[in-house]
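A.B. asks:
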Amino acid sequence: MASKRILKELKDLQKDPPTSCSAVTFIFLGKEQSVGAACTTGSSEMKEGGPVAEDMFHWQATIMGPPDSPYTGGVFLVTIHFPPDYPFKPPKVAFRTKVFHPNINSNGSICLDILKEQWSPALTISKVLLSICSLLTDPNPDDPLVPEIAHMYKTDRNKYESTARSWTQKYAMG
């Protein structure tokens, strides 16, 4: 069931790519098939994504920092692991690039309700990635994974943005 759903999502991304990102590319290269998707509108970018090698349950994606955010110009590597009982359980998504953010910790774990208690089998990986892009643009300091960064975000926004820009330059700009 999971592999059929994952393949269906890849095909759906090809037919109807997300509209709130500027360069999403998913590519699956199996032994006998190739599926891709791309879109070109909106504020964030994700590219070079899709299954790793021929493992449909393990994806990598690259998220470009949203414009008008402290992450502008950054290239953030994200890994996605689908459980065997997907879509009944959410995928595990983590940043591999260090990012200064109240909802993303030093291990790359992401505090996002749809990856936990608000997960529904009706959600797709496309919606998950769009939610992550939204989280980069609009952090949720009231439900932080890193309370110190959330406190800085609430009390000294300039320092937060400066530190986030500095980390983006150091870790996500090559």
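Mapped onto our numbering, the consecutive letters of the sequence shown carry residue numbers -10 to 163.
We put the CB at the ideal spot given by N, CA and C, even for glycine.
Can you grab the Cα-Cα spacing for the pair H90 / P130, in whole Å?
C.D. replies: Whole-angstrom Cα-Cα distance: 9 angstroms.
A.B. asks: If I'm right that V82 touches V67 with Cβ under 8 angstroms, what's the distance once you round it to whole angstroms?
C.D. replies: Indeed they touch by this definition, with Cβ atoms about 6 angstroms apart.
A.B. asks: Quick one: what's got a C-beta closer than 6 angstroms to E21's C-beta in the same chain, skipping five residues either side?
C.D. replies: Low per-residue confidence applies at E21: pLDDT is 32, beneath 50, and the placement is therefore not dependable, though the value from the model is reported in the following sentence. Excluding sequence neighbours, E21 sits near nothing in its chain.
A.B. asks: Given a cut-off of 8 angstroms, decide if E(-2) and S120 are closer than it, judged by their beta-carbon atoms.
C.D. replies: No, they are not a contact pair.
A.B. asks: State yes or no: is the C-beta of V117 within less than 8 angstroms of the C-beta of L125?
C.D. replies: Not closer than 8 angstroms, so no.
A.B. asks: Please name the residue in Y160, K4, L(-4) whose C-alpha comes closest to that of F84.
C.D. replies: That would be Y160, whose Cα lies nearest to the Cα of F84.
A.B. asks: From the DSSP secondary-structure annotation, give me the bridge partner or partners of Q158.
C.D. replies: Paired residues: none, contrary to the question.
A.B. asks: Around the Cβ of A26, are there at least 16 other Cβ atoms within 10 angstroms (buried) or fewer (exposed)?
C.D. replies: With a pLDDT of 34 at A26, under the threshold of 50, the modelled position of that residue is not reliable, and the figure given next carries that caveat. A26 is buried by the Cβ-count criterion.
A.B. asks: Rounded to the nearest angstrom, how far is the Cβ of L79 from that of W108, given a contact under 8 angstroms?
C.D. replies: Residue identity check: residue 79 is Pro in the sequence provided, not Leu. Right, their Cβ atoms sit about 4 angstroms apart.
A.B. asks: Is the beta carbon of N94 sitting closer than 8 angstroms to the one on L101?
C.D. replies: In this structure, L101 does not lie closer than 8 angstroms to N94 by Cβ.
A.B. asks: Helix, strand or coil for K(-3)? Go by DSSP, reduced to three states.
C.D. replies: It is helical.
A.B. asks: Could you pull out every residue in the same chain whose Cβ sits closer than 6 angstroms to the Cβ of P110, ignoring the five residues on either side in sequence?
C.D. replies: If we look at P110 and ignore the five residues flanking it on each side, its Cβ neighbours are P76, F77.
A.B. asks: Need the endpoints of the beta strand (DSSP E) that H47 sits in, please.
C.D. replies: Its beta strand (DSSP E) spans residues 44 to 53.
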